[in-house]
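Using my numbering, read the sequence shown as starting at -10 and increasing by one per residue.
Glycine included, C-beta positions come from ideal geometry on N, C-alpha and C.
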Amino acid sequence: MTSMTETFLQALQNALASRNTVSIRSTLIETLEREPSKAEVSAANKAARRIAEDGDAVLISLLPDQAGADAYVSTARGARARASNYLTVDEKIIKDLPCRVELATEKWDALIDEGMRLTQQNIESDPMLSALLPGWNAGSRAEERARVAEAAVS
């Protein structure tokens, strides 16, 4: 008998094979054909983290209007303003929303850094954004990863 996490891991991998961006919760609902329990949601999120740790996709948090056709929108009040977790291999989403990246391996660092650079450029060129986000500065993921690794060795 396979565990819930293994079952959801396989379901998420199958969904990623056919689409670039996959809603974890929507995939879970499709697999179970009902609303999932908290334990099932937790197992699915654990499976998604494992996929991201393996470097097969990036775990990202998106608002429903940012996620496109596969967006999961809860029926709860105010759900349109709540982000949900997705797995994506869509480079455009990763570049456009680098601050929403939850988990990615080194394989994706260069792409995320490019997105952060573009975001910094957009903030600096837009007076409204630069007024709302004073002092916001994009840091390189590769440099941050090296600092963390160096601190762990010391």
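Comparing alpha carbon positions, the residue from Lys84, Phe(-3), Lys96 and Leu121 closest to Ile18 is Phe(-3). Bridge pairing for Ser12: Tyr75 [DSSP]. A Cβ-Cβ contact shorter than 8 Å links Lys84 with Glu103. For the 8 Å CB-CB criterion, Asp98 and Arg136 do not form a contact.
For Leu107, the uninterrupted alpha helix (DSSP H) run begins and ends at Asp98 to Ser114, by DSSP. Of the candidates Ala32, Ala28 and Ile82, Ala32 places its Cα closest to the Cα of Gln(-1). Looking at the DSSP output, Val142 sits in no beta bridge, so it has no partner there. Thr108 and Gly124 have their C-alpha atoms some 13 Å from each other.
Between Val90 and Leu5, the gap from beta carbon to beta carbon reaches 8 Å or more.
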